[in-house]
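Peer 1: Following the UniProt record's numbering, the residues of the sequence shown are numbered contiguously, the last one being 118.
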Amino acid sequence: MNGNPPVQLLSRMTRAQLGDFELWSLNQVANLRKEIRVAATEILEALWNTPIAQECIERKAEALLARWLLDNREELELAIRVPPDEFVDLEGSAVVDRGTVCNAVESEDRNLEIKPAS
């Protein structure tokens, strides 16, 4: 077609021929889109394995980690201050002895008494 629609040809067609031409054209479009998708996939796969893409992924991961640390800094600092043999319920402010919890889990004891931190 080269940018010029076949107006004269189309104007001489019957309704049935125009319908067939429309379907043929739409089928051609679908086939071309498939070819474009295949080519785009090949290009993206080739690009994905380049050092610049890998560096981009690493920088994004670092930025996400920094954001997570910013959002969770207070909880992390609180957790670091807790002795390693105790668990802390941040919302309830309870400190639970690790041994008690582990023993209860192993024995399937469901009657734990949780005391508020003093």
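Where is the CB? At the ideal position from N, CA and C, for every residue including glycine.
These numbers come from a predicted model, not from an experiment.
(1) Quick one, are the C-beta atoms of A53 and L47 less than 8 angstroms apart?
(2) Just to confirm before moving on: does the CB-CB distance between L26 and L18 stay below 8 angstroms?
(3) On the DSSP letters alone, give me the boundaries of the alpha helix (DSSP H) that G19 sits inside.
(4) From N49 to I43, what does the alpha carbon distance come to, in whole angstroms?
(5) For the alpha helix (DSSP H) containing N2, name the first residue and the last one.
(6) In this structure, does DSSP put S12 in helix, strand or coil?
(7) Note down the Cα distance separating N31 from R37, rounded to an integer number of angstroms.
(8) I need the straight-line Cα distance from E74 to A66, nearest angstrom please.
Peer 2: This is what the structure gives:
(1) Against the sequence shown, residue 53 aligns to sequence position 53. Against the sequence shown, residue 47 aligns to sequence position 47. Yes; because the gap between Cβ atoms is below 8 angstroms, this pair is in contact.
(2) Here residue 26 corresponds to residue number 26 of the sequence shown, with the count starting at 1. Here residue 18 corresponds to residue number 18 of the sequence shown, with the count starting at 1. At a Cβ-Cβ threshold of 8 angstroms, L26 and L18 do not count as neighbours.
(3) Residue mapping note: residue 19 aligns to position 19 of the sequence shown, counting from 1. It spans R15 to W48 - the alpha helix (DSSP H) in which G19 sits, taken as one unbroken run.
(4) For the purposes of this step, residue 49 is identified with residue 49 of the sequence shown, where counting begins at 1. For the purposes of this step, residue 43 is identified with residue 43 of the sequence shown, where counting begins at 1. Whole-angstrom Cα-Cα distance: 10 angstroms.
(5) Locating residue 2 in the sequence shown gives position 2, where the first residue counts as 1. First-last for N2: undefined, no H or E at that position.
(6) Residue 12 sits at position 12 when you count from the first residue of the sequence shown. The residue asked about is misnamed: residue 12 is Arg in this sequence, not Ser. Here R12 sits in coil by DSSP.
(7) Position 31 of the sequence shown, counting from 1, holds the residue named residue 31. Position 37 of the sequence shown, counting from 1, holds the residue named residue 37. Going from the Cα of N31 to the Cα of R37 covers about 10 angstroms.
(8) Taking the first residue of the sequence shown as 1, we reach residue 74 at position 74. Taking the first residue of the sequence shown as 1, we reach residue 66 at position 66. Straight-line Cα distance between these residues: approximately 14 angstroms.
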